[in-house]
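Note that the sequence shown covers residues 294 to 393 in my numbering.
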Amino acid sequence: MSSEGLVLATAVGLFAIGSVGALLHRHPVAMLMSIEVMLNAANLLIVLGARVRGLADAESAALIVLVLAAAEAVIGLGLALALFRRKLVPDIDEAAEVRG
């Protein structure tokens, strides 16, 4: 298997693991970690496509995705922490039922 095929298989595997984790976990931190794995798989595919086509611009797009993923993690963890401090509810399903 070529190195591009190996990277492609790794990215698809990472995306599958991340999507299964995002669907199965109910804890917000675990869901955020799964989404981060999915975003890293997308970055891997962006960089692979740039390498195959010989483009240098795609690496900057991957860097932008990394910055957005970091911002998403900060905002998501802040919301999860605020929800836990307010109602002590670590589960997403229970948090949807909390009013007030």
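Don't be surprised by glycine CBs; every beta carbon is placed ideally from N, CA and C.
Practice item. Using the Cα positions of Leu361 and Met294, report the straight-line distance between them to the nearest angstrom. Key: Walking along the sequence shown from the start, residue 361 turns up at place 68. Walking along the sequence shown from the start, residue 294 turns up at place 1. Each residue's alpha carbon lies about 33 angstroms from the other.
Review point. At what residue ranges does the stretch 313-389 contain a whole run of the alpha helix (DSSP H), taking only runs of 4 or more?
Key: 321-346 and 351-380
Check your understanding: By DSSP, does Ser295 sit in helix, in strand, or in coil?
Key -> Counting from 1 along the sequence shown, the entry for residue 295 is found at position 2. Coil, per DSSP.
Exercise for review: Can you have a look at Glu297 and say buried or exposed, based on whether 16 or more other CB atoms are within 10 angstroms of its CB?
Suggested key: Here the question's residue 297 lines up with position 4 in the sequence shown. Under this definition Glu297 is an exposed residue.
Exercise for review: Run the CB neighbour count on Ser353, radius 10 Å, all protein chains shown included, and call it buried at 16 or more, exposed below.
Suggested key: Numbered from 1 along the sequence shown, position 60 holds the residue referred to as residue 353. With fewer than 16 Cβ atoms within 10 Å of its Cβ, Ser353 is classed as exposed.
Check your understanding: Cα-Cα, which of Met324, Ala335 and Ile328 is closest to Ala302?
Key -> Taking the sequence shown and counting its residues from 1, one reaches residue 302 at position 9. Checked all of Met324, Ala335 and Ile328; the closest Cα to Ala302 is Ala335.
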